[in-house]
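In the numbering used here, the protein residues as written are 7 to 302.
Idealized CB from N, CA, C, for every residue including glycine.
Working notes, structure below.
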Ligand SMILES: CSC[C@H]1O[C@H](OP(=O)(O)O)[C@H](O)[C@@H]1O
Ligand SMILES: Nc1ncnc2[nH]cnc12
């Protein structure tokens, strides 16, 4: 990698709703090889005003990768490796709350992780660690997103709990009602393990969830279908793109500074394994993501 590619960037992860970013200058398509995958991670880099962005499409070009097969470890490792210190993630979600109508943007502040078959950590045998996760998204990024969304007069919910289901099938009505009782605001398939791995990678992470449907619990509303999600997203993707552009500009002001909530120092208190017992192979893989790992 050239030195230039190590400059500070804002990472943006697009999903069903955002296939690419409009208005980028100096666009480059790069492939990043990581220790967490045999295949490289495809990232589009570019400049929006003075801001360096790195865009990653989590389902791949043409939406080929289903939620449970996304190699999130490789994706987050690649973003961190090329200099992303803040990651803004977008997700199309179902609403579990009557007052969160389709078209609403939700700044996620909590998750309930119901996924079961995904690689969720950079730690493991030979390098045991536990990062704090009571507040899974970055408060500094959330504030910025709320301010920008208000300026743009978007239909906005400033907090919400995202239930992450395994999929790929949508929920049953009984499940949907259960998640409502649990206090879920919205439901999707991709918020985890992104947020967990961002924390382990010491990056700030925030998610804007865009409600596309009422899942299947709301009598009188049609139960969700994939076509419904695509149609709704087509209507709001321009707003999503504009939100990302303004938020990136806003966030870039502080991109070089560690955030107050501790995202950039999450490993300070995490590692349990005694230094002399740490597995060299695990350390060397982790070093790709967090270059200071051997100093902790
Ligand atoms: C197309 S409906 C289900 C699909 O949409 C959401 O994708 P993303 O989070 O990447 O925007 C949802 O999480 C599912 O993956
Ligand atoms: N109702 C829903 N359930 C899961 N993922 C979704 N993505 C968009 N709508 C969804």
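Boundaries of the alpha helix (DSSP H) harbouring residue 187: 179-187, taken from the DSSP string. Look at the stretch 85-131 and you find no whole run of alpha helix (DSSP H) that is 4 residues long or longer. Closest by C-alpha distance to residue 193, out of 76, 235, 159 and 206, is 235. At a threshold of 8 Å, residue 243 does not count as near ligand 2, since its beta carbon sits no closer than that to any of the ligand's heavy atoms. By the neighbour-count criterion, in which 16 or more other beta carbons inside 10 Å mark a residue as buried, residue 119 falls on the buried side. Excluding residues up to 5 positions away in sequence, 130, 132 and 133 lie with their Cβ nearer than 7 Å to the Cβ of residue 288 in the same chain. In the three-state reduction of the DSSP assignment, residue 215 falls in the strand class, which pools E and B.
Excluding the 5 residues flanking it on each side, residue 267 has same chain C-beta neighbours closer than 7 Å at 141, 144, 145 and 146, in chain order.
Just so you know, the alpha carbons of residue 206 and residue 149 end up roughly 22 Å apart. For residue 48, the enclosing beta strand (DSSP E) stretches over residues 47-54.
For residue 98, the shortest separation between its Cβ and any heavy atom of ligand 2 lies below 8 Å. Going by beta carbons, residue 62 and residue 48 fall inside the 9 Å limit.
If you check the C-beta of residue 171 against ligand 2, you find a heavy atom less than 8 Å away.
Residue pairing for residue 295: DSSP places it in no beta bridge. Following the DSSP letters along the chain, one finds residue 256 inside the alpha helix (DSSP H) bounded by residues 232-258. If you draw a straight line from the Cα of residue 99 to the Cα of residue 168, it comes to about 8 Å.
In its chain, beyond the 5 residues on either side, 249, 252, 253 and 256 have a beta carbon closer than 7 Å to the beta carbon of residue 154.
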